[in-house]
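The structure under discussion appears below in the form of structure tokens.
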Amino acid sequence: MELVCESGINGLRLNKIAERLDVKSPSLYTHTGSVTELRQAVIHQAMQQFREELMDSLMGRAKMGAFLELGKTWMNYANEQSVFFTAFYNNDYLELYEKNISHFLQSAFKRIFVDWPLNNEEIEQIERIMTNYFCGQVDRLNGQPYVEAELISDLEIFYQGIVQNLEKVSQVC
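In our numbering, the protein residues as written are 3 to 175.
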């Protein structure tokens, strides 16, 4: 994980790992599959860590409180672990993302917006909007700290907008 932070996911190579472990690289080839498999395993582990942090943020919270805590946790991870966060959206890892993060986020949004019967398309739209927001923030901040008050304000606007839209839709039906 440390090597990925230093040189990015594509900089993770068996010879660098061997050097860090102070072993000869041919011996690593005996014990590992390909570099691609190793990268997949590292990204999978990072996704599990991210998902656990997101889960923890929801404990004991509901509705807007849960939405805000989920968003703060998402932003913290995206900013502090940007090497991993940006790798999650690399085409090579999209399937892992779907299984490990996307399904969790969709379940979380169903729970947060429990008062409204959301269909899969609406849940996916909320996830897409939030994902795009955080990816944009990572690009904008470029490792610099963010202002929590601004983040909370943005998240409150998102939440209120989603709720207003859902209430309009439920009145029409």
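Where a beta carbon is used, it is the ideal one built from N, C-alpha and C, also for glycine.
Taking its Cβ as the centre, do 16 or more other Cβ atoms sit within 10 Å of Ile-159, making it buried, or is it exposed? exposed
Same chain, Cβ closer than 6 Å to Phe-86, five either side skipped, listed in chain order: So the list reads Ala-48, once near-sequence residues are dropped.
Can you grab the Cα-Cα spacing for the pair Ala-89 / Lys-65, in whole Å? One Cα belongs to Ala-89, the other to Lys-65, and the distance between them is close to 30 Å.
As an exercise, report each continuous alpha helix (DSSP H) stretch of at least 4 residues that is fully enclosed by the region 62-92, in chain order. 65-82, 84-90
Simplified DSSP assignment, three categories, for Tyr-95: Of the three classes helix, strand and coil, the one that applies to Tyr-95 here is helix, per DSSP.
With a Cβ-Cβ cutoff of 8 Å, do Ile-154 and Leu-70 count as a contact? yes
Look at the alpha carbon of Gly-138 and the alpha carbon of Gly-62, and state the distance between them as a whole number of angstroms. If I take the Cα positions, the gap works out to 29 Å.
How should Val-149 be labelled, buried or exposed, when 16 other C-beta atoms within 10 angstroms of its C-beta is the threshold for buried? Looking at its Cβ environment, which holds fewer than 16 other Cβ atoms inside 10 Å, Val-149 is exposed.
Distance, Lys-170 Cα to Val-44 Cα: 43 Å
Could you spell out where the alpha helix (DSSP H) holding Asn-134 opens and where it closes? 122-143
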